[in-house]
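There are 2 protein chains.
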Amino acid sequence: MSPNVTGTPGSQSTLGPELPGLFARYKGLVEVGLSRAVPESSGDDIFLPLRYHLGWVDREGVPAGSSFTQGKALRPTLCLFACEALAADPDRAIPAAAALELIHNFSLIHDDIQDQDLERRHQPTVWSLWGLPRALVAGNGLQSVGDLAMLNVAGDYVPTETTLRVSQILTESYMEMIQGQVLDLDFESRTGIVADEYLQMIAYKTGALIRSSLEIGALLATGDPLAFQAFSSFGSSVGRAFQIRDDFLGIWGDQTTTGKAAGNDIRRRKKTFPVVFAFENARGKSREELLRIYGQEELTGRDVEKVLDILDEVGAKDQSYAITEASAHEALEALGPITLPTWAQREAASLVGFLANREF
Amino acid sequence: MSPNVTGTPGSQSTLGPELPGLFARYKGLVEVGLSRAVPESSGDDIFLPLRYHLGWVDREGVPAGSSFTQGKALRPTLCLFACEALAADPDRAIPAAAALELIHNFSLIHDDIQDQDLERRHQPTVWSLWGLPRALVAGNGLQSVGDLAMLNVAGDYVPTETTLRVSQILTESYMEMIQGQVLDLDFESRTGIVADEYLQMIAYKTGALIRSSLEIGALLATGDPLAFQAFSSFGSSVGRAFQIRDDFLGIWGDQTTTGKAAGNDIRRRKKTFPVVFAFENARGKSREELLRIYGQEELTGRDVEKVLDILDEVGAKDQSYAITEASAHEALEALGPITLPTWAQREAASLVGFLANREF
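These protein sequence lines are chains A and B, in that order. FYI, the numbering for the first sequence is 1 to 360, going by the numbering used here. FYI, the numbering for the second sequence is 1 to 360, going by the numbering used here.
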């Protein structure tokens, strides 16, 4: 049975790029969880860079005003949604939701070191302000704060066994994420990557934590293995839709909404889905051009234009759309075997539609 | 009541530098735990650098022969010892012991990145072989492998509640370790550090994981809070003795046993205990010299000689000895309130004596 969802997943005409109501619905809970989990900073300690990275304070520790959390808080939102959709009070998932956001942010701090990125969310990155050694330990610190939040999820409605299980799921998915990062690093020095390999890599790198967010939310609500499996599959497909859309925006996104220059991922020679697809499908002179361009240390504006032309020629844009839409559809199909309240079905469709069509 | 120990803690004449029997006693268990915890490598994945770092394989993945584990495996040995000293089968602590060794090794991989060290244990460091991005994720991977081992300690004799508690203790102590790393980084750019501050820093940076190793071993054996407290205090003192001896060896150690050049820590401008003590106690021209020398980016051989003279002048060597011996004594005192079998009392004394007097 296919879930009775409103709207057409993946259809840009009916689903706008606004953040679905789900994000606003859980924003307060995510903030509560995060502020409980992350210790105050006494100034010159590990917690100042963490609070800065989370967008709470400036580099001097001065509160940053209204923008309490930056970013979409996708993972905690998914976790709280799964929990409430399965008829449990989402309050019990607050520490878990915070943990997921913290683990995600920890990976961003380390990503910025690896990629030597100077800016994130229009602000200087942690390593660019505090240097590599401190950013490295700050990232590690954020992970531990997250791990500890998850270990502390036990409470009136969450038995110890479940707490242990969700901590294991988090750690296992985090190891998959690392495995994905390693594959991604391998891809940098390879040209023969095929689309299937790429999809496997992002299933680890991006998909695992998104999937585990939903698994954890489901497990905190119910011991029903069918519900767990449904949200797990939902998460895998959501992760793919999310990442391929991310790849799309990294090349064809609007700078004013993404905060990144158009063609940014090409300039940085990132082997995201459209480029991998082009490498697999370009023939003759186009293929030679691709090999030449990606064989260089730095790309000129002309190189970027040329790559964009080749992506056009092989239909990489359409293919990216197609995979995103198929994944969005599969996500909702995955919820088919279980019965969810109407509001949850509607929110799932709205969420998936947003992730597949978002402009930011 | 003071424990009835044989031997005189901290007395070099009676206690040689050989590794106490305790290490050999638990070596097999530690190896079993580690090989269960760390997945096989399929070649080009995260686990090759991990297995290499642990000394199991060379950089190509070829088994390294007889030297299954390198390093002393101090933390797992302490954990297994606490467990068995409290009359429990140490087998139940095997996953925890492995976790502690993995977390320690994870911190070494990241330390080598931070310090840009090219060698560890006479081998090229992970980052120097695989590059920073891969070493960074390899370190993170090792931490997760460790976390997962600890989360899997539950079994016939370890209830879920205890598993959750030991995972929390591990994570909390790991956060203290990070806090110590941050303080240590701060010290690099400061000159007014006093000995007390330094001792607080190492209580976090080195002491926390050593202390938690013993706490975890105790908790896996018994729910008795007195036993937990005794091993916790024992661990804090052991940690201090261990680190101050480490600092001693970093300056006055024999290159053939430590694997590091004599005066190595001075050449690297490390503010270890003897140097901090000298900064606090040197007066007049000696103090000016210290400030001048440590104000430079690089130290000459002559600078190193000069610092060694000043350390001599202020009695830094004797003071390092004195603190190590006092800590060793306090460690054994801490076990006083509990009753331990004779073998355990003897092993505790032997262990403490070794840590305070070791040459490697």
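Ideal Cβ positions, reconstructed from N, Cα and C, are used throughout, including at glycine.
Could you check the C-alpha separation between residue i and residue j for me, to the nearest Å?
i, j, result
"B/Asn140", "A/Ile178", "8 Å"
"B/Pro95", "A/Thr160", "19 Å"
"A/Thr300", "B/Thr300", "45 Å"
"B/Trp56", "A/Asp247", "39 Å"
"B/Ser320", "B/Phe273", "7 Å"
"B/Ser128", "A/Val137", "19 Å"
"A/Glu31", "A/Ala98", "8 Å"
"B/Ala331", "B/Asp265", "27 Å"
"B/Glu333", "B/Ser212", "18 Å"
"B/Lys306", "B/Arg51", "41 Å"
"B/Asp196", "B/Phe277", "10 Å"
"A/Glu313", "A/Tyr204", "29 Å"
"A/Leu29", "B/Gln181", "32 Å"
"B/Asp303", "B/Ile293", "6 Å"
"A/Ala73", "A/Ala316", "29 Å"
"A/Ser41", "A/Ser35", "12 Å"
"A/Ile338", "A/Leu148", "32 Å"
Would you say residue i reaches chain A, if we count a Cβ-Cβ gap shorter than 7 Å as a contact?
i, result
"B/Gly141", "yes"
"B/His104", "no"
"B/Ser189", "no"
"B/Ser213", "no"
"B/Val137", "yes"
"B/Gln123", "no"
"B/Leu34", "no"
What does residue i reach in chain B if we use C-beta pairs closer than 8 Å?
i, result
"A/Val194", "Correct list: empty, because the minimum Cβ distance to chain B is about 16 Å."
"A/Leu151", "Leu164, Ser167, Gln168 and Thr171"
"A/Ala154", "Leu164"
Using only CA atoms, which one of the options lies nearest to residue i?
i, options, result
"A/Cys83", "A/Asp111, A/Gly21 and A/Val158", "A/Val158"
"B/Ile251", "B/Val275, B/Phe234, B/Gln229 and B/Leu183", "B/Val275"
"B/Arg92", "B/Arg346, B/Leu220 and B/Thr324", "B/Leu220"
"A/Val194", "A/Val30, A/Lys271 and A/Ile310", "A/Lys271"
"A/Ala88", "A/Ile113, A/Asp184, A/Thr222 and A/Leu54", "A/Thr222"
"A/Gln143", "A/Glu101, A/Gly155, A/Asp115 and A/Gln116", "A/Glu101"
"A/Ser236", "A/Leu185, A/Ala218, A/Gly180 and A/Leu214", "A/Leu214"
"A/Gly207", "A/Ser327, A/Arg269, A/Val32 and A/Glu298", "A/Ser327"
"A/Glu347", "A/Leu54, A/Leu80 and A/Leu29", "A/Leu80"
"A/His104", "A/Leu209, A/Leu164 and A/Gly28", "A/Leu209"
"A/Glu298", "A/Gly239, A/Ser41 and A/Arg268", "A/Arg268"
Go through its chain and collect everything with a Cβ distance to residue i's Cβ below 8 Å, but skip five positions before and after it.
i, result
"A/Pro124", "Arg59 and Leu118"
"A/Pro39", "Phe47 and Val145"
"A/Glu18", "Phe354"
"B/Pro63", "Trp56 and Val57"
"B/Leu22", "Thr77, Phe81, Glu347, Ser350 and Leu351"
Give a yes or no on whether the minimum CB-CB distance between residue i and chain B is below 7 Å.
i, result
"A/Leu351", "no"
"A/Asp184", "no"
"A/Ile216", "no"
"A/Leu108", "no"
"A/Glu161", "yes"
"A/Pro133", "yes"
"A/Ser2", "Note on A/Ser2: pLDDT 41, under 50, position unreliable in the model; the coordinate value appears next. It does not; no Cβ of chain B falls within 7 Å."
Anything in chain B within Cβ reach of residue i, meaning under 7 Å, just list it in chain order.
i, result
"A/Tyr174", "Ser144"
Distance cutoff 7 Å, beta carbons only. Does residue i sit that close to anything in chain C?
i, result
"A/Val304", "Absent here is chain C; the protein component of the structure consists of chains A and B."
In chain order, what residues of the same chain lie with their CB nearer than 6 Å to the CB of residue i, ignoring the 5 residues before and after it?
i, result
"A/Trp130", "Pro49"
"B/Ala85", "Leu340 and Ala344"
"B/Ser350", "Pro20"
"B/Leu183", "Met201"
"B/Ser173", "Ala208, Leu209 and Ser212"
Can you pull the chain A residues whose beta carbon is under 7 Å from the beta carbon of residue i, in chain order?
i, result
"B/Pro179", "Residue 179 of chain B is actually Gln in this sequence, not Pro. Simply Asp45 and Ile46."
"B/Ile113", "Leu136"
Under 8 Å between beta-carbons, which chain A residues line up against residue i? List them in chain order, please.
i, result
"B/Ile202", "Residues of chain A passing the Cβ test: none, with the nearest at roughly 16 Å."
"B/Ile210", "Going along chain A, no residue has its Cβ under 8 Å from B/Ile210, so there is no contact; the nearest lies around 17 Å."
"B/Leu148", "Gln168, Thr171, Glu172 and Met175"
Name the chain B residues whose beta carbon is nearer than 9 Å to that of residue i?
i, result
"A/Arg268", "Within 9 Å Cβ-Cβ: nothing; A/Arg268 doesn't reach chain B, min ~14 Å."
"A/Ala98", "Chain B residues near A/Ala98: none, gap ~14 Å exceeds 9 Å."
Output needed for residue i: all residues of its chain with C-beta closer than 7 Å, excluding positions within five of it in sequence on either side, in chain order.
i, result
"A/Phe279", "Thr191, Ile193 and Leu290"
"B/Arg120", "Leu108 and Asp112"
"A/Arg134", "Pro49"
"A/Thr342", "none"
"B/Ser286", "Ile310 and Glu313"
"B/Ala154", "Thr160 and Thr163"
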